[in-house]
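Below is one structure, written out as structure tokens, with a few remarks after it.
2 protein chains.
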Amino acid sequence: MFLGSYEHAIDEKGRVAIPARFRAELAGGMVLTRGFDRCLLIFPLPYWSDLTRRVSALSLVDEDARMLRRLLFASASEQEMDRQGRILLPQNLREAGGLTDQALLVGLDAFIEVWAPDRWREVQQHLETQGPHFDEQMRKLGI
Amino acid sequence: MFLGSYEHAIDEKGRVAIPARFRAELAGGMVLTRGFDRCLLIFPLPYWSDLTRRVSALSLVDEDARMLRRLLFASASEQEMDRQGRILLPQNLREAGGLTDQALLVGLDAFIEVWAPDRWREVQQHLETQGPHFDEQMRKLGI
DNA sequence: CGGGAGGTGGGGAAAAGTGGGGAAAAATGG
DNA sequence: CCATTTTTCCCCACTTTTCCCCACCTCCCG
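Chains D and B, in that order, are what the protein sequence lines are. Heads up: the first sequence runs through residues 789 to 931, numbered per our numbering. Heads up: the second sequence runs through residues 789 to 931, numbered per our numbering.
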């Protein structure tokens with residue numbers, strides 16, 4: 789269960805520390821890839837396997853499926869933590885996420901999003917102004 | 789079953805004592821997150837899991853689902869009590885709830901709300917002036 | 001008036017985050 | 001195919017923060 793937001797530095801070699809609370813759940817390996825809205829995604833390996841099985845089952849012909857495959861797989865990178873609990877963010881992914889010297893790691897229960905801090909603040913503002921819209925969403929889900 | 793209101797100090801490290809009556813029910817862990825009307829919420833872990841299961845099952849691709857996930861999980865924090873029965877209120881959550889040196893913990897049966905005492909007094913006043921309105925609501929619900 | 005439980009403050013040990021050096025591996029060119 | 005250069009990545013060490021636990025105080029109840 790990944791919860792909370794943590795801002796960490798990206799050092800000159802392109803590494804970020806994984807928040808200590810997240811490490812146990814990523815000890816079995818993780819996959820890093822591009823997400824939506826210009827953020828990066830970190831999936832624990834079990835979640836990733838499940839995801840890939842479902843995506844690979846989609847039709848070769850379906851256009852959405854093709855684009856989804858390209859997004860998920862083409863820039864994916866399997867990573868392990870070093871002894872200090874850090875991972876490398878490959879250069880192409882750093883560029884894709886607009887990341888320079890700071891990264892915001894956001895736990896979303898089953899996986900993690902990685903944001904450039906200023907982009908994340910935009911998303912948060914959006915969330916606050918759209919409050920009523922989400923009230924409706926939650927009501928539908930019975931929350 | 790959480791009942792009653794308790795005002796406790798927030799110390800310099802951002803900790804509050806959980807009212808002794810509430811501790812047994814939170815011994816299995818709890819999740820702390822932002823609530824409505826600028827208060828914080830404390831959920832016992834089982835209640836939280838039940839609440840979030842539906843959200844985590846939503847699509848990765850759907851935009852509303854993505855934003856809803858961010859709203860729910862990004863500022864949540866799993867906490868355990870120390871041996872003195874206290875928990876840490878992370879700084880971002882203290883800010884979100886307008887909490888400084890005192891916190892009012894309000895038991896609401898299945899979960900707990902945490903208020904800045906002066907904001908809580910406003911809510912109470914609201915309750916008193918709006919009494920007749922709620923009479924009508926309750927009648928509809930058959931209470 | 002005494003005992004116990006609940007609440008509060010603070011010191012110290014442990015862990016987390018960050019920067020940098022060096023060895024191994026990979027890439028490049030002759 | 002070998003030598004040189006470049007890159008990768010692994011690990012050590014320092015600094016800062018976290019958090020755990022001891023001790024004291026206060027309030028309530030007998």
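No residue lacks a Cβ here, since even glycine has one placed at the ideal position from N, Cα and C. Given the structure is predicted, the values throughout are model-derived calculations rather than measurements.
Residue burial classification, residue i (beta-carbon count within 10 angstroms, cutoff 16)
| i | result |
| --- | --- |
| Q918/B | exposed |
| S844/D | exposed |
| Q925/B | exposed |
| L860/D | buried |
| E901/D | buried |
| S847/B | exposed |
| Q867/B | buried |
| V911/D | buried |
Residue nearest to residue i in terms of C-alpha spacing, selected from the options
| i | options | result |
| --- | --- | --- |
| A815/B | M855/B, Q872/B, E901/B and S847/B | Q872/B |
| V819/D | W836/D, W908/D and H921/D | W836/D |
| R826/D | P905/D, S865/D and M789/D | P905/D |
| W903/B | R841/B, P920/B and E883/B | E883/B |
| H921/D | D852/B, R909/B, R809/B and E800/B | D852/B |
| D850/B | L856/D, D799/D and Q913/D | L856/D |
Residues bridged to residue i (per DSSP)
| i | result |
| --- | --- |
| T821/B | L829/B |
| G792/B | G895/B |
| A756/B | Within the shown structure, residues of chain B are numbered from 789 to 931, placing residue 756/B beyond reach of any answer. |
| A797/B | Q890/B |
Beta-carbon proximity check, residue i vs residue j, cutoff 8 angstroms
| i | j | result |
| --- | --- | --- |
| L893/B | Y794/B | yes |
| Q879/B | G802/B | yes |
| A797/D | D889/D | yes |
| L829/B | T821/B | yes |
| L950/B | S863/B | Because chain B here runs from 789 to 931, residue 950/B falls outside it and cannot be looked at. |
| V804/D | A891/D | yes |
| R874/D | I806/D | yes |
| G895/B | F831/B | no |
| M869/D | R927/D | no |
| R858/B | G886/B | no |
| R817/D | S865/B | Residue 817/D is actually Gly in this sequence, not Arg. In this structure, S865/B does not lie closer than 8 angstroms to G817/D by Cβ. |
| I931/D | L839/B | yes |
**OP:** Please go through the region 816-903 of chain D and give each complete beta strand (DSSP E) segment of 3 or more residues, from N-terminal end onward.
**Re:** 818-822, 828-832, 865-867, 874-876, 890-897 and 900-903
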